[in-house]
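Here the structure is laid out as structure tokens; the discussion comes afterwards.
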Amino acid sequence: MNTPRPSAQDVYDRLRELILSFELYPGSRVTESALAERFGVSRTPVREALQRLASEGHVTVLPKQGVLIRQLDAAELAQHYRVRVVLELAVLADVCANASDADLRALAADWDPQTQPGRSDDFAVMAARDETFHRRLAELGGNRVMAQLLEQVGHHIRAVRRLDFTLNDRVERTYEEHHAIAQCLLARDLRGARRLLRRHIENSRRVASAVSLEQLRRVRAAALGEPG
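The opening residue of the sequence shown carries number 374 in the working numbering; numbering runs sequentially from there.
Printed below as a string of structure tokens:
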């Protein structure tokens with residue numbers, strides 16, 4: 374029985390993971406043909422996957438030169454974080470107006486620092502959980518367009534968001550901060566929730582601004598089991 378070849382979606386998923394885990398290093402160059410050989414597919418699904426990744430800002434397609442894995446630009450990241458703050462603060466008003474007490478209690482319980490459900494030592498898993506919290510806020514607010522915009526911003530900061538959870542205390546602090554935000558929302562304390570959320574995003578932004586290629590190199594080496 375023949376094993377089906379990976380689809381364009383499969384190639385996209387695997388390529389994005391290689392980029393986010395820094396196995397494809399920022400600033401490195403790859404080619405469609407090399408990727409096609411790596412995944413055992415034709416160049417067509419690779420090209421489709423790269424087009425999606427380019428639209429999300431993960432790669433730059435250079436005609437006749439290959440594909441460049443995007444460098445992390447500190448100034449650009451800061452701009453994405455500024456947009457994120459504006460959008461998420463607006464989301465909180467919708468959450469206070471529309472979310473049920475039951476949904477907010479469930480959200481708070483999911484981030485209870487005493488029990489820490491779903492906690493993992495895998496920084497990629499925790500980054501995904503963090504994204505889920507913020508996406509859930511947008512869903513509870515009921516504004517689908519806002520949720521889509523936040524998803525787009527999330528694509529641009531996902532790599533450094535993962536690095537946030539390589540620091541020693543960030544998992545514990547994230548549980549505490551998420552839980553406190555949910556509790557404020559349950560009390561319909563919009564001002565308090567906005568203050569806490571702004572501080573929470575600012576903590577994440579500071580990590581992003583401190584990211585260096587040397588830090589990325591160490592994270593990549595750890596992921597691959599290489600000497601630091």
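Note that CB positions come from ideal geometry on N, CA and C, so glycine has one too. Quick caveat: nothing in here was measured; it's all calculated off a predicted structure.
Local Cβ density within 10 Å of residue 490, reported as buried at 16 or more and exposed below that = exposed
Complete runs of the alpha helix (DSSP H) confined to the segment 479–544 [at least 4 residues] | 496–514, 517–537
State yes or no: is the C-beta of residue 570 within less than 7 Å of the C-beta of residue 477?
-> no
Take every Cβ of the segment 522–539, pair it with every Cβ of the segment 500–507, and state whether three or more of those distances are shorter than 8 Å.
-> yes
Counting only the same chain and skipping the five closest in sequence on each side, list residues whose C-beta sits under 7 Å from that of residue 409.
-> 415, 416, 419
Measure the alpha-carbon distance for residue 475 versus residue 492 and round it to whole angstroms.
-> 22 Å
Is it true that the segment 452–461 meets the segment 520–531, where meeting means three or more beta-carbon pairs spaced less than 8 Å apart?
-> yes
Exposed or buried, which one is residue 473 when buried takes at least 16 other CB atoms within 10 Å?
-> exposed
Excluding the five sequence neighbours on either side, which residues of its own chain have a C-beta within less than 6 Å of the C-beta of residue 513, listed in chain order?
-> 468, 472, 476
Report the partner residues of residue 408 according to the DSSP bridge assignment.
-> DSSP, once it has assigned bridges, lists no residue as partnering residue 408.
Consult DSSP for residue 413 and reduce its assignment to one of helix, strand or coil.
-> coil
Put residue 374 into one of helix, strand or coil per three-state DSSP.
-> Confidence at residue 374 is low in this model, with a pLDDT of 46, below 50, so its placement is unreliable and no value can be given for it.
Return helix, strand or coil for residue 572, following the three-state DSSP convention.
-> helix
Helix or strand or just coil, what does DSSP make of residue 400?
-> coil
Starting from the Cα of residue 463, find the closest Cα among 402, 522, 407 and give me that residue.
-> 522
Exposed unless 16 or more other CB atoms sit within 10 angstroms - verdict on residue 407 | exposed
Taking the continuous beta strand (DSSP E) assigned at residue 435, which residues delimit it?
-> 432–435
Does the Cβ of residue 578 have 16 or more other Cβ atoms within 10 Å, making it buried, or fewer, making it exposed?
-> buried
Rounded Cβ spacing between residue 427 and residue 384 (contact assumed at less than 8 Å) | The Cβ separation is near 14 Å, so there is no contact.
How many Å lie between residue 380 and residue 412 at the Cα?
-> 10 Å
Between residue 383 and chain E, is there a C-beta pair that is closer than 7 Å?
-> Chain labels in this structure do not include chain E; a single protein chain is all it has.
Those residues which DSSP pairs with residue 442 across a bridge = 432
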